[in-house]
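Written below as structure tokens is the structure these notes are about.
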Amino acid sequence: MLHLYDSATREVRELALREPGTVSIYLCGPTVYGPPHLGHGRATLVYDVLRRYLEWTGLHVRLASNITDIDDSIINRANRENRPWQDITHKCEAVWFEAMGKLGVARPSDVPHATEYVEQMVAMIGELVDIGRAYNTDDGVYLSVESVEDYGLLANQRLSDMIEGGGDREVFGAGNKRHPADFVLWKLAKPGEPSWPSPWGDGRPGWHSECVVMSLDLLGEGFDLHCGGMDLKFPHHENERAQAVALGKRFANHWMHNGFVVDAEGEKMSKSLGNVANLLDLMEQYDPRAYRMLLLQSHYRGPVTVGQDNIDAAVNSLAGLDAFAARTSSIDVAEPDADVLAKFRDRMDDDLDTPAATALLFDTVRRANIAVDAEAPEAGSLIAAVHEMCTAFGLVLNAGGDVPADIAAKAAALDAARAAKDFATADALRAELQADGWTVETTKTGTQVRR
RNA sequence: GGCGACGUGGCCGAGUGGCUGAGGCAAAGGACUGCAAAUCCUUCCACAUGGGUUCGAUUCCCAUCGUCGCCUCCA
Numbered sequence: 302m303l304h305l306y307d308s309a310t311r312e313v314r315e316l317a318l319r320e321p322g323t324v325s326i327y328l329c330g331p332t333v334y335g336p337p338h339l340g341h342g343r344a345t346l347v348y349d350v351l352r353r354y355l356e357w358t359g360l361h362v363r364l365a366s367n368i369t370d371i372d373d374s375i376i377n378r379a380n381r382e383n384r385p386w387q388d389i390t391h392k393c394e395a396v397w398f399e400a401m402g403k404l405g406v407a408r409p410s411d412v413p414h415a416t417e418y419v420e421q422m423v424a425m426i427g428e429l430v431d432i433g434r435a436y437n438t439d440d441g442v443y444l445s446v447e448s449v450e451d452y453g454l455l456a457n458q459r460l461s462d463m464i465e466g467g468g469d470r471e472v473f474g475a476g477n478k479r480h481p482a483d484f485v486l487w488k489l490a491k492p493g494e495p496s497w498p499s500p501w502g503d504g505r506p507g508w509h510s511e512c513v514v515m516s517l518d519l520l521g522e523g524f525d526l527h528c529g530g531m532d533l534k535f536p537h538h539e540n541e542r543a544q545a546v547a548l549g550k551r552f553a554n555h556w557m558h559n560g561f562v563v564d565a566e567g568e569k570m571s572k573s574l575g576n577v578a579n580l581l582d583l584m585e586q587y588d589p590r591a592y593r594m595l596l597l598q599s600h601y602r603g604p605v606t607v608g609q610d611n612i613d614a615a616v617n618s619l620a621g622l623d624a625f626a627a628r629t630s631s632i633d634v635a636e637p638d639a640d641v642l643a644k645f646r647d648r649m650d651d652d653l654d655t656p657a658a659t660a661l662l663f664d665t666v667r668r669a670n671i672a673v674d675a676e677a678p679e680a681g682s683l684i685a686a687v688h689e690m691c692t693a694f695g696l697v698l699n700a701g702g703d704v705p706a707d708i709a710a711k712a713a714a715l716d717a718a719r720a721a722k723d724f725a726t727a728d729a730l731r732a733e734l735q736a737d738g739w740t741v742e743t744t745k746t747g748t749q750v751r752r
């Protein structure tokens, strides 16, 4: 069974399942007010790999991931561009899922929207007020963090230490709060702002409430895993948890956080890649699979640099895998090599060690190539194992696909010329095909073209 | 000020108290090929610095230098 680092206990431990055979996961999704960036891409890819791997091992995965479609950033942009806020959220959500599609990130099982859950949030906030753990001020309702026993668990900091170091930052709503770390659950609307009714006045929910309500509604108390980017650990996840704890509910059993995307060579990157911080730009300029490949070769908890060299290396390594898929596409597959798959699971179960698992993938590719060259009997099972691992990774290999009749004819002509030792014609034909964007490879069964 | 991460070969990026340590990319040489491509083989002598613990450290501890993240709305 999968062992994962748990941010709450700060150790790698087994991901215990509330219900055998099924994994319930909540992933904090995007606030839809702009195009997805590389950070979004990393998070969604990391959890897509997690999900596919779990499914590949035979588990049923229920993945809920929200869309935050009401938020200050959205309102600000709407005001700035003088257009309806829903216009922004709808458009951005469409762009989001289009980008996810290109990345090969499967759509979550559930995609709840904050605006669909306002009533439930109001009800929850009401409960917190009733039990004296939240309080009303003249600009909203706040949660009293001092009423939460172990506030700071995820941040791994004591409340007092956090406050001391606050720096020069302005404390939001400081004048009204009982404690500087108290956070807003309900924001009273200013004139012209979108709002929903509540016992405390018209307004909108604070950021941290939606995930509590949605995760508990869709997945139920004590769900298995809550995940998101490292930057969400505090305050977002801390504050989600605080609300659940304040309500006396069991929340996530395990917390997983992925590392950041780093642009170590900021200047260089922007020069060579343009505004590569934007995920859409990256996918436009490179095979979208390259980002997945790059992330697979790094560990999910560490920082990862996304730069030209990095992406190029990933693109080139994919070319090797595609070539493998192409040259083995006509070979009968057998039962996947059990030994390889067992090793694969060992590595993946060890805190999702995809770098070790990809090393195994490449190693298996080489072994399979050797077997294919030798026409050895184990080729089929090794090839099958490679495809199994790719499935678990969510990596789709390109074996070439359909070849138009005229191209196939040229390839046949090339073979004929070679057979006749008319190498000048053969070379010319090959150059033509290559100029057309085709990869031309000589195999035992003749010239194979793909792209 | 508090909490935390990290410094590995040309680049990226794993990992381990003891034949000096994956994998990918790049480069070089070789096999194969009419030539290529694909494939395979080989090579490319790397673990920030200074101490300490140890029979032995890249891996453990301390210090130093350097990089970075979080500490109220950013995946």
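Each number in our numbering comes from the position in the first sequence (counting from 1) with 301 added on.
We put the beta carbon where it would ideally sit given N, CA and C, even for glycine.
Check                                                                                                                                                        : Outcome
Measure from the alpha carbon of Asp518 to the alpha carbon of each residue in Leu595, Leu454, Asp483, Ala424, then state which is nearest.                  : Ala424
Entirely within the stretch 627-658 and at least 3 residues each: give me those beta strand (DSSP E) ranges in chain order.                                  : none
What's the call for Asn576, buried or exposed, on a 16-neighbour Cβ count within 10 Å?                                                                       : For Asn576, the predicted structure reports a pLDDT of 44, less than 50, and the residue's modelled location is therefore unreliable. The matter cannot be settled from this model.
Using DSSP's beta-bridge definition, name the partner residues of Lys488.                                                                                    : Gly441, Arg505
Tell me whether the beta-carbon of Ala365 lies closer than 9 Å to the beta-carbon of Ser516.                                                                 : yes
Report all residues from its chain with a CB closer than 7 Å to the CB of Glu566; omit the five preceding and five following residues, and keep chain order. : In this prediction, Glu566 scores a pLDDT of 47, lower than 50, which makes its location untrustworthy; no coordinate-derived value is stated.
What does Arg314 pair with, by DSSP beta-bridge criteria?                                                                                                    : Leu305
From Val562 to Asp525, what does the alpha carbon distance come to, in whole angstroms?                                                                      : 26 Å
Check each candidate in Arg384, Ser631, Met557 and name the one with the smallest Cα separation from Thr310.                                                 : Met557
Going straight from the alpha carbon of Leu316 to that of Met302, what length do you get?                                                                    : 7 Å
Quick check on DSSP: helix, strand or coil for Gln749?                                                                                                       : strand
One question on the structure: do Phe694 and Thr665 come within less than 9 Å of each other, judged by their Cβ atoms?                                       : no
Start and end of the beta strand (DSSP E) containing Glu742?                                                                                                 : 740-744
Given a cut-off of 9 Å, decide if Met584 and Ala400 are closer than it, judged by their beta-carbon atoms.                                                   : yes
Quick check on Gln544: buried or exposed, where buried means 16 or more other Cβ atoms within 10 Å of its Cβ?                                                : buried
What are the boundary residues of the alpha helix (DSSP H) that includes Cys691?                                                                             : 680-694
Please tell me whether Leu619 and Asp588 are closer than 9 Å, where the distance is taken between their beta carbons.                                        : yes
Using three-state DSSP, classify Ile375 as helix, strand or coil.                                                                                            : helix
Answer with buried or exposed for Asn540, where buried requires no fewer than 16 other C-beta atoms within 10 angstroms of its C-beta.                       : buried
On the premise that Ala727 lies in contact with Leu715, defined as a C-beta separation below 8 Å, what is that separation, rounded to the nearest angstrom?  : 5 Å
For the ligand HEM, is there a heavy atom less than 8 Å away from the beta-carbon of Pro506?                                                                 : With respect to the ligand HEM, the structure offers nothing, as it holds no ligand at all.
Please state if the CB of Asp503 and the CB of Ser510 are separated by a distance shorter than 9 Å.                                                          : no
From Val362 to Arg352, what does the alpha carbon distance come to, in whole angstroms?                                                                      : 7 Å
Where Trp487 and Thr692 are concerned, what is the direct C-alpha to C-alpha distance, given to the nearest angstrom?                                        : 44 Å
Expressed to the nearest angstrom, what Euclidean distance is found between the alpha-carbon atoms of Trp508 and Thr748?                                     : 59 Å
Just to confirm, is the Cβ distance from Val673 to Ile632 under 9 Å?                                                                                         : yes
Taking the continuous beta strand (DSSP E) assigned at Ser366, which residues delimit it?                                                                    : 361-366
DSSP three-state call for Asn554: helix, strand or coil?                                                                                                     : coil
Going by DSSP, what residues sit across from Cys528 in a beta bridge?                                                                                        : Leu328, Met557
Give me the Cβ distance between Leu520 and Ser325, rounded to the nearest whole Å; I'm assuming they're in contact under 8 Å.                                : 4 Å
Thr606 to Ser599, Cα distance in whole Å?                                                                                                                    : 10 Å
Tell me the rounded alpha-carbon separation between Ala658 and Val313.                                                                                       : 18 Å
Which word fits Asn559, buried or exposed, when buried means at least 16 other C-beta atoms lie within 10 angstroms of its C-beta?                           : buried
Where does Asp411 fall in DSSP's three states?                                                                                                               : strand
Can you look up Gly358 in the DSSP assignment and give me helix, strand or coil?                                                                             : The sequence shown places Thr at residue 358, not Gly. Looking at Thr358 - three-state DSSP - the assignment turns out to be coil, as it is neither helix nor strand.
Using a threshold of 9 Å, state whether the C-beta atoms of Ser445 and Arg434 are closer than that.                                                          : yes
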